[in-house]
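Chemist: Numbering of the sequence shown is given in the working numbering, commencing with residue 484 and proceeding in unit increments. Glycine is no exception: its CB is placed at the ideal position from the N, C-alpha and C atoms.
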Amino acid sequence: MDRRSFIAAGVGAPLVFGFTELLSRESTGDVDPRPTWLIKALAKMKEKGLPGVIFVVPESKEQKRLLAEALHAIGYEDPLVDWAHLDGREPEAVRSETRRLGRELSATTVLICLDRKRASLLFGTEGNRLLISPAGRTLARATVDEKKLEPGFVQSTLQFAHGKRGEHLKDQVTALRARLPETRRTQIEEALAVLLKPGREDKLETSRRRLVDGVVELAPWLIQVRDATSNERFETRLQEVLRKLPIVSPSRLPFGTEDLEFRRGGCGSWVRATTPAPTRLLVACGMAKTRPGHRRFLAFLK
Numbered sequence: 484m485d486r487r488s489f490i491a492a493g494v495g496a497p498l499v500f501g502f503t504e505l506l507s508r509e510s511t512g513d514v515d516p517r518p519t520w521l522i523k524a525l526a527k528m529k530e531k532g533l534p535g536v537i538f539v540v541p542e543s544k545e546q547k548r549l550l551a552e553a554l555h556a557i558g559y560e561d562p563l564v565d566w567a568h569l570d571g572r573e574p575e576a577v578r579s580e581t582r583r584l585g586r587e588l589s590a591t592t593v594l595i596c597l598d599r600k601r602a603s604l605l606f607g608t609e610g611n612r613l614l615i616s617p618a619g620r621t622l623a624r625a626t627v628d629e630k631k632l633e634p635g636f637v638q639s640t641l642q643f644a645h646g647k648r649g650e651h652l653k654d655q656v657t658a659l660r661a662r663l664p665e666t667r668r669t670q671i672e673e674a675l676a677v678l679l680k681p682g683r684e685d686k687l688e689t690s691r692r693r694l695v696d697g698v699v700e701l702a703p704w705l706i707q708v709r710d711a712t713s714n715e716r717f718e719t720r721l722q723e724v725l726r727k728l729p730i731v732s733p734s735r736l737p738f739g740t741e742d743l744e745f746r747r748g749g750c751g752s753w754v755r756a757t758t759p760a761p762t763r764l765l766v767a768c769g770m771a772k773t774r775p776g777h778r779r780f781l782a783f784l785k
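Shown next as structure tokens:
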């Protein structure tokens, strides 16, 4: 494995179980149907009551790269901008939306990459994107064009995980509420009432703390409430909760590593390159500077 592959695995591994499957060659011999990382992923699903979104690893190297870049955007603090699909929007607005959707996806699911052999053994051959319940039951299947991933990859994955009408998220929240002690459930319901109704500013800060303290356990519930209402104050609190989740990597990688946006012709920040060079590997401007985020990232890898 070269340095670029090592760093790419380091970026994706904390967020996606089995991310390194995108960097390895497909085995021609017998495969262990339940490697250690898959056992850990299934255990996390069961412990947290979270469904698993399984991405079946494509066969070609180019298709693997496309999926790796798409998954990279879920937890990256400075996600790629697809210049061909801005539709008149500012790049930073697109990045902000991708960050928000990525947090919601990471807070309500367990993301897993699974090679085709293991996926066939465990879940059958139909589909290349699967939704699995915390108990391991297949809830939904989809077949996505591996040669060209959709521009709104994060958004479509979130919709797939939650259901077109929110049915999967509803079931998830029902199970979550049943697991909570009655006193805790009552606290959350009272806090939600304060945030959703105006005129109770004296209790606002206490309610905010109760929700922020919940972080992981409450995220699906809060997202479901947000989807059912239009309340700016509640949306602000929800994003405050989600930002507490340690799911993002630094916005710049250490010097000497590839910046994915350069491969798409961007400069790594705002300006679109005049001559796209999707195969030319360059180092993004500013990457030579050592920042606290770089040191934290390298310390994690060590």
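Within 10 angstroms of its Cβ, does residue 587 collect 16 or more other Cβ (buried), or is it exposed?
Modeler: So residue 587 ends up on the buried side.
Chemist: Which value, in whole angstroms, describes the spacing of the CA atoms of residue 702 and residue 506?
Modeler: Those two C-alpha atoms are separated by around 31 Å.
Chemist: Which same chain residues end up closer than 7 Å to residue 644 when comparing Cβ atoms and leaving out the 5 residues on each side of it in sequence?
Modeler: Once the five neighbours on either side are set aside, the close Cβ partners of residue 644 are 534, 536, 588, 591, 592, 614, 651.
Chemist: Got a sec? Which residues, its chain only, sit under 6 Å from residue 528 by beta carbon, not counting five neighbours each side?
Modeler: Taken in chain order, the residues that qualify are 535, 593, 617.
Chemist: May I ask you to report which of helix, strand or coil DSSP gives residue 505?
Modeler: In this structure, residue 505 counts as helix in the three-state DSSP scheme.
Chemist: With residue 519 as the anchor, note down where its beta strand (DSSP E) starts and where it stops.
Modeler: Per DSSP, residue 519 belongs to no beta strand (DSSP E); it is in the alpha helix (DSSP H), 519 to 531.
Chemist: How long is the line joining the alpha carbons of residue 647 and residue 580, rounded to whole angstroms?
Modeler: Cα-Cα distance, rounded: 19 Å.
Chemist: Along the chain, where does the alpha helix (DSSP H) that runs through residue 726 open and close?
Modeler: Element bounds for residue 726: 715 to 726.
Chemist: I'd like to check one pair, residue 520 with residue 500: are the Cβ atoms closer than 8 Å?
Modeler: Contact: yes.
Chemist: Provide the residue span of the beta strand (DSSP E) that contains residue 657, from first to last.
Modeler: Counting along the chain, residue 657 falls outside any beta strand (DSSP E), though it belongs to the alpha helix (DSSP H) covering 650 to 662.
Chemist: Measuring CB to CB, does residue 707 end up less than 8 Å from residue 649?
Modeler: It is a contact, given that the beta carbons lie within the stated cut-off.
Chemist: Taking the CB atoms as reference points, tell me whether residue 597 and residue 504 lie closer together than 8 Å.
Modeler: Yes, these two residues count as a Cβ contact at 8 Å.
Chemist: Count the other CB atoms, across all protein chains shown, that sit within 10 Å of the CB of residue 604; report buried if there are 16 or more and exposed otherwise.
Modeler: Exposed is the call here.
Chemist: Quick one: what does DSSP say residue 625 is sitting in, helix, strand or coil?
Modeler: DSSP places residue 625 in strand when its eight states are reduced to three.
Chemist: Quick one: Cα of residue 549 to Cα of residue 555, how far?
Modeler: Taking the straight line from one Cα to the other gives about 10 Å.
Chemist: Select from 661, 664, 540 the residue whose C-alpha is nearest the C-alpha of residue 628.
Modeler: Answer by Cα proximity: 540.
Chemist: Determine which residues share a DSSP beta bridge with residue 593 and list them.
Modeler: Partner(s): 535.
Chemist: Report the partner residues of residue 500 according to the DSSP bridge assignment.
Modeler: According to DSSP, which records beta bridges pairwise, residue 500 is partnered with 595.
Chemist: If I measure Cβ to Cβ from residue 518 and keep anything under 6 Å in the same chain, skipping five residues before and after, which residues do I get?
Modeler: Excluding residues within five positions, none has a Cβ falling inside 6 Å.
Chemist: Within this structure, are the beta carbons of residue 678 and residue 717 separated by less than 8 Å?
Modeler: Going by C-beta atoms, residue 678 is nearer than 8 Å to residue 717.
Chemist: Using 8 Å as the threshold, is the C-beta distance between residue 664 and residue 601 below it?
Modeler: No.
Chemist: Whose C-alpha, out of 653, 626, 630, is nearest the C-alpha of residue 640?
Modeler: Nearest option by C-alpha distance: 626.
Chemist: Is the beta carbon of residue 638 sitting closer than 8 Å to the one on residue 584?
Modeler: Yes, the Cβ-Cβ distance between residue 638 and residue 584 is below 8 Å.
Chemist: Three-state secondary structure (DSSP) at residue 554?
Modeler: Here residue 554 sits in helix by DSSP.
Chemist: Looking at residue 636: is its Cβ nearer than 8 Å to the Cβ of residue 526?
Modeler: In this structure, residue 526 does not lie closer than 8 Å to residue 636 by Cβ.
Chemist: Would you call residue 711 buried or exposed, if buried means 16 or more other Cβ atoms sit within 10 Å of its Cβ?
Modeler: That one is exposed.
Chemist: For residue 584, does the three-state DSSP call read helix, strand or coil?
Modeler: Here residue 584 sits in helix by DSSP.
Chemist: Just mark residue 845 as buried or exposed, buried being the case when its beta carbon has 16 or more other beta carbons within 10 Å.
Modeler: No statement about residue 845 is possible, as the shown extent of the chain runs from 484 to 785 and does not include it.
Chemist: Is residue 661 buried or exposed, if buried means 16 or more other CB atoms sit within 10 Å of its CB?
Modeler: So residue 661 counts as exposed.
Chemist: By DSSP, does residue 613 sit in helix, in strand, or in coil?
Modeler: It is a strand residue.
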